[in-house]
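In our numbering, the protein residues as written are 1206 to 1385.
For glycine and all other residues, C-beta sits at the position ideal for the given N, C-alpha and C.
Encoded as structure tokens, the structure appears first; notes follow it.
Below you can see the structure in the form of structure tokens.
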């Protein structure tokens, strides 16, 4: 009964967000887990849609001295250089940074947006564990997230290289959650 209630609530939230014109891409999800652990906390508004997608890694984002001039969110009115950040390591959420599906290209208004990514694994006895990280969006990623290996390792318990790409449930949270 509790699962049905949770699914009904999530479906209602998705319908409300869609009616408001904020339907995200990729696709919404209604997945739940029996038990949950979290490596971070983030508060989303009740209308924040959940998005089922994937996350991969690019070691480019692991270079602390990497220049922000090399990513889509460099300069321009929405760029991070204009906010006095110059390198990946200067960002408050480093190494939890990378590309997001919401950034279409240079100077996107979504530059600096923050996403909570939730990765769920199933262990012995069908017990599920969910780990969450908050990713600062600084670059383009097509229909997914592409983040620093350090971020993927935090999400997967150090298995980033081994797994390469994993399924996650994402939701946008306030940029302040990522330190902006």
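* **At least 3 beta-carbon pairs within less than 8 Å: the stretch 1298-1314 vs the stretch 1334-1344** => yes
* Asked: Can you tell me where the beta strand (DSSP E) with residue 1339 in it begins and where it stops?
  -> Taking the first residue of the chain shown as 1, we reach residue 1339 at position 134. Segment 1333-1345, the beta strand (DSSP E) holding residue 1339.
* **C-alpha distance - residue 1247 paired with residue 1379, whole-angstrom precision** => The sequence position of residue 1247 within the chain shown is 42, counting from 1. The sequence position of residue 1379 within the chain shown is 174, counting from 1. Low per-residue confidence applies at residue 1247: pLDDT is 49, beneath 50, and the placement is therefore not dependable enough to give any value.
* Asked: Buried or exposed: where does residue 1253 fall if 16 or more other Cβ atoms within 10 Å of its Cβ makes it buried?
  -> One-based indexing of the chain shown puts residue 1253 at position 48. By the 10 Å Cβ count, residue 1253 comes out buried.
* To do: Give the straight-line distance between the Cα atoms of residue 1461 and residue 1290, rounded to the nearest whole angstrom.
  => Only positions 1206 to 1385 of the chain appear in the structure, and residue 1461 is not among them; the question remains open.
* Asked: Using the C-alpha atoms, what's the distance from residue 1298 back to residue 1356?
  -> Mapped onto the chain shown, residue 1356 falls at position 151. Mapped onto the chain shown, residue 1298 falls at position 93. One C-alpha to the other measures close to 10 Å.
* **Candidates 1359, 1266, 1382, 1284, of which the one nearest residue 1325 by Cα** => Along the chain shown, read from residue 1 onward, the residue named residue 1325 stands at position 120. Per the Cα distances, 1359.
* Roughly how many angstroms lie between the CA atoms of residue 1332 and residue 1274, to the nearest whole one? -> In the chain shown, counting from the first residue as 1, residue 1332 sits at position 127. In the chain shown, counting from the first residue as 1, residue 1274 sits at position 69. Going from the Cα of residue 1332 to the Cα of residue 1274 covers about 44 Å.
* Asked: Counting pairs of Cβ atoms below 8 Å between the stretch 1346-1355 and the stretch 1304-1323, do you hit three or more?
  -> yes
* In chain order, what residues of the same chain lie with their CB nearer than 8 Å to the CB of residue 1287, ignoring the 5 residues before and after it? -> For the purposes of this step, residue 1287 is taken as residue 82 along the chain shown, with counting starting at 1. Counting only Cβ-Cβ distances below 8 Å, and skipping sequence neighbours, we find 1280, 1281.
* Asked: Could you give the distance in angstroms between the alpha-carbon of residue 1376 and the alpha-carbon of residue 1364?
  -> As a first step, residue 1376 is located in the chain shown; it is residue number 171 there, counting from the start. As a first step, residue 1364 is located in the chain shown; it is residue number 159 there, counting from the start. Their Cα atoms are separated by approximately 22 Å.
* Asked: Taking the continuous beta strand (DSSP E) assigned at residue 1372, which residues delimit it?
  -> In the chain shown, residue 1372 corresponds to position 167, counting from 1. Segment 1370-1378, the beta strand (DSSP E) holding residue 1372.
* Asked: Where residue 1272 and residue 1327 are concerned, what is the direct C-alpha to C-alpha distance, given to the nearest angstrom?
  -> Here residue 1272 corresponds to residue number 67 of the chain shown, with the count starting at 1. Here residue 1327 corresponds to residue number 122 of the chain shown, with the count starting at 1. Straight-line Cα distance between these residues: approximately 38 Å.
* Could you please give the first and the last residue of the uninterrupted alpha helix (DSSP H) stretch that includes residue 1303? => Position 98 of the chain shown, counting from 1, holds the residue named residue 1303. Counting along the chain, residue 1303 falls outside any alpha helix (DSSP H), though it belongs to the beta strand (DSSP E) covering 1302-1305.
* **6 Å Cβ shell around residue 1321 - same chain, five flanking residues per side excluded** => Sequence index remark: in the chain shown, residue 1321 carries index 116 (1-based). Around residue 1321: 1247, 1337, 1339, 1376, 1378.
* Give the secondary structure of residue 1316 by DSSP, where H, G and I count as helix, E and B as strand, and everything else as coil. => Start at 1 with the first residue of the chain shown, and residue 1316 comes out as number 111. Three-state result, residue 1316: coil.
* To do: Name the two residues that bound the continuous beta strand (DSSP E) containing residue 1351.
  => As a working mapping, residue 1351 is identified with position 146 in the chain shown. 1350-1352 is the extent of the beta strand (DSSP E) around residue 1351.
* Once you ignore the five residues that flank residue 1294 on each side, which residues in its own chain have a CB closer than 7 Å to its CB? -> Here residue 1294 refers to the residue found at position 89 of the chain shown. So the list reads 1269, 1270, once near-sequence residues are dropped.
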